């Protein structure tokens, strides 16, 4: 089982144990696979140029409804291979806009993935916008 990468902190999630163990991905790597597909710029992964998303292109865009639609399109395209491989049955993505007084806007992608056995996994992925 993979160590879980928290999409909000972009770091491995430690357990509360004093040994320093890491929290394991509850979806057996499916959530980590989704995170890597969203976080990696399309074409930049050394082993697979089809892995990744175009979400990084939105960092300089203004926080508008058009950018929200683009974020949904880019994230659906990035996660589609998980459906094609049969690792996920369904993937639902919605957006939530947040305003930050110091750093501009942030678009949160609320993602729900139903894996091959029918278990639901939810997480949020932040997309920085101007």
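Residue numbers (our numbering): 665 to 794.
Note that beta-carbon positions come from the ideal geometry of N, C-alpha and C, so glycine has one too.
Fair warning: this is a prediction, and the values are worked out from it, not measured in the lab.
Hey, quick one: how far does the beta strand (DSSP E) through residue i stretch, first residue to last?
{"i": "residue 791", "result": "784-793"}
Mind checking residue i: buried by the 16 CB within 10 Å criterion, or exposed?
{"i": "residue 760", "result": "exposed"}
{"i": "residue 710", "result": "exposed"}
{"i": "residue 780", "result": "exposed"}
{"i": "residue 669", "result": "buried"}
{"i": "residue 739", "result": "buried"}
{"i": "residue 672", "result": "exposed"}
{"i": "residue 716", "result": "buried"}
In this structure, how does DSSP classify residue i when only helix, strand and coil are distinguished?
{"i": "residue 751", "result": "coil"}
{"i": "residue 724", "result": "coil"}
{"i": "residue 761", "result": "strand"}
{"i": "residue 735", "result": "helix"}
{"i": "residue 781", "result": "coil"}
{"i": "residue 706", "result": "coil"}
{"i": "residue 771", "result": "strand"}
Which whole-angstrom value describes the C-beta separation of residue i and residue j, a residue pair presumed to lie in contact below a C-beta threshold of 8 Å?
{"i": "residue 706", "j": "residue 724", "result": "Actually they are not in contact, since the Cβ atoms of residue 706 and residue 724 sit about 17 Å apart, beyond 8 Å."}
{"i": "residue 775", "j": "residue 694", "result": "Actually they do not touch by this definition, with Cβ atoms about 11 Å apart."}
{"i": "residue 722", "j": "residue 731", "result": "6 Å"}
Output the boundary residues of the alpha helix (DSSP H) element that contains residue i.
{"i": "residue 719", "result": "Careful: residue 719 lies outside any alpha helix (DSSP H) and carries neither H nor E."}
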